[in-house]
Each structure stands twice: as structure tokens, then as C-alpha cells.
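Asker: Okay, here's the structure, questions in a sec.
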Amino acid sequence: LQSQLYDQGHRFFFEARAVMSHWESSGYRGVTKILLKNGRGLGALRSRRWSLAHKLLASLLNPVLAGYRFLRAARTWWRVGGSGLRALLHLLPLTTLWTFGELLGYWSGDFSGAVEGVSDIERNRQRFVDARSEPIRKPY
522 LQSQLYDQGH RFFFEARAVM SHWESSGYRG VTKILLKNGR GLGALRSRRW SLAHKLLASL
582 LNPVLAGYRF LRAARTWWRV GGSGLRALLH LLPLTTLWTF GELLGYWSGD FSGAVEGVSD
642 IERNRQRFVD ARSEPIRKPY
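Position 134, counted from 1, in the sequence shown is what this note's numbering calls 655; the numbers after and before it change by one each time, with no gaps.
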């Protein structure tokens with residue numbers, strides 16, 4: 522939406538009262554789809570100018586990156602007042618999935634396709650660009 526409006530000559534400003542509709546998922550299936558596609562797109566972006574040696578090294582270090590992401594997410598969880606180990610158990614497979622998606626992006630060879638996969642999520646959600654509109658309300 523932003524690029525379409527920009528192409529039409531619009532300018533963008535941050536507005537504190539703006540309402541944003543953000544696509545999210547409360548189930549594992551939706552979350553895994555988001556993380557895998559975002560990871561693949563990020564991996565494709567990061568690696569598009571890498572040499573073969575750099576890709577190999579990054580691939581070998583990929584488990585370290587998953588561990589780092591898990592620790593960073595766990596620290597954030599505790600910092601914002603999260604409690605309970607059960608919730609933390611979900612972080613490890615999800616951070617591993619995101620990092621695996623990034624690994625796929627390193628080797629995809631299809632930069633446009635990897636990034637386009639992320640765009641599917643963004644393109645297929647409802648948008649609001651004026652003050653009269655409301656964000657999507659969840660039915661719970």
C-alpha cells in the first residue's frame with residue numbers, strides 16, 4: 522500500500538493518533554507460515570551479494586543464530602513481565618523455524634520469490650488509510 526501511494530505522489534508522515542490494522546495469527550499454523558516466509562525473505566535479502574564461502578559459513582552458524590534469537594526473545598519476555606516456563610517452551614521451536622526459513626533464503630536463488638512470499642501476507646490484509654475507518658476487530 523505504501524509503495525502504491527508513493528508511486529501516486531503521496532508523502533508520508535507519522536501521526537500519533539493513526540490506527541493500524543496488523544495481520545497476525547493466534548494459531549501455530551498461521552504463526553509458522555509468517556515466521557517461515559519472513560525468515561526466507563530476510564535470508565534472501567541478507568545473502569544476495571554473499572560469496573559461496575560466506576553462505577556456507579552462515580549456514581554452519583545458523584544453529585547459533587537460532588540460539589541467539591531464543592535468548593533474546595526470552596530476555597524480552599522476562600523484561601516485559603512474562604511469567605511461566607510454558608510460554609517460553611514455545612519460543613524455541615518458533616525461533617528455530619524463523620532461522621530455518623532464513624537458511625532457506627540463503628540458498629533459494631530466487632530473491633524476488635522469497636521476498637514476494639512475505640508480500641503475500643501483507644497484500645492480503647485489509648487496510649485503513651483515513652480517520653473514519655476502524656481496524657479489524659477480533660471476535661473474542
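Every residue gets a Cβ at the ideal spot worked out from N, C-alpha and C, and that includes glycine. Note that the structure is a prediction, hence the values are computed from the model and not measured.
Taking Cβ to Cβ, would you say Gly564 is nearer than 9 Å to Glu623?
Answerer: The answer is yes: Cβ separation under 9 Å.
Asker: What does the alpha-carbon distance come out to for the pair Gly560 and Gly588?
Answerer: Those two C-alpha atoms are separated by around 15 Å.
Asker: Does DSSP put Asp631 in a helix, a strand or coil?
Answerer: Asp631 falls in the coil class under three-state DSSP.
Asker: Quick one: grab the DSSP three-state call for His662.
Answerer: With the chain represented from 522 up to 661, any question about residue 662 goes unanswered, as that position is not in the structure.
Asker: According to DSSP, simplified to helix, strand and coil, what is Gly588?
Answerer: The answer is helix: DSSP assigns Gly588 an H, G or I state.
Asker: Pull up the CB-CB distance for Tyr627 and Ser580, whole angstroms please, since I reckon it's below 8 Å.
Answerer: Confirmed, Cβ separation roughly 6 Å.
Asker: Excluding sequence positions up to five away, which residues of its chain have a Cβ less than 6 Å from the Cβ of Leu619?
Answerer: Sequence check: residue 619 is Trp here, not Leu. Cβ within range, chain order: Leu556, Gly560.
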